[in-house]
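So the structure is just underneath, and the comments pick up after that.
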Ligand code: MD3
Ligand code: FE
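Residue numbers (the numbering used here): 8 to 214.
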């Protein structure tokens, strides 16, 4: 039975409204420290297109996209150096959010930072580059609101829409771990702290 402040959006998908809001300044500062070392960049898809969103990573492993495919790497291909360490403020938040949603002892080894400018989007996909699908994923939304698309494990099923705002945290696992999902084209706007962008932190146990 989920906690009263956890909304079950679908089987295995838990919404923690505003869970990260009080931490926003510290989270943004942590993101800035990471991206000063491993800058946000528009990676290429295997098809050779630059992604509309800009990404970086912190932690032992980072998710990388290039002409040769998708994979986790211990080093940033842009700098040749290991990814910056995951700040404790980030890993603690992910651990607490996962526990609140019923997933005890979540120790992410990868934090993907996605930055969306107005006009950026993320097409419907599954997260399946990780070793153990019994591990949940934690997603933290900061800045401009976004509409998430929440599908099922079958691409043909019509996804439901979910509006996420600054400070919202989504945890999914179990039957939803391999659900198709995406982010609709970001509308223009200005957020008081982040300005004209949305930043999403995705915490995963990749290895
Ligand atoms: C999965 N990023 O980088 S997770 C990704 O907003 C990615 O940038 C999202 O998907 C982003 O791979 C954050 C979005 C998400 C939302 C709901 C889901 C994934 C979901 C529901 C079920 C399964
Ligand atoms: Fe994803």
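Cβ atoms here follow ideal geometry from the backbone N, Cα and C, with glycine treated the same way.
As the crow flies, the alpha-carbon of residue 42 is around 13 Å from that of residue 207. Here the alpha carbons of residue 93 and residue 104 stand approximately 16 Å from one another. Taking 9 Å as the cut-off, the Cβ atoms of residue 112 and residue 102 count as close.
When C-beta atoms of the region 177 to 191 are compared with those of the region 150 to 163, three or more pairs fall below 8 Å, so the two segments count as touching. Residue range 31 to 44 is occupied by the alpha helix (DSSP H) that includes residue 37. Only residues of its own chain outside the window of five on either side were considered, and among them 81 and 82 have a CB closer than 7 Å to the CB of residue 89, listed in chain order.
By the C-beta density criterion, residue 184 is buried, having at least 16 other C-beta atoms within 10 angstroms. Excluding five sequence positions before and after residue 68, the CB atoms of its chain that fall closer than 8 Å to its own CB belong to 79, 80, 81, 90, 116, 117, 213 and 214, given in chain order. Cβ neighbours of residue 204 within its own chain (closer than 7 Å, five residues either side excluded): 122, 123, 124, 150 and 151.
If you draw a straight line from the Cα of residue 134 to the Cα of residue 60, it comes to about 17 Å.
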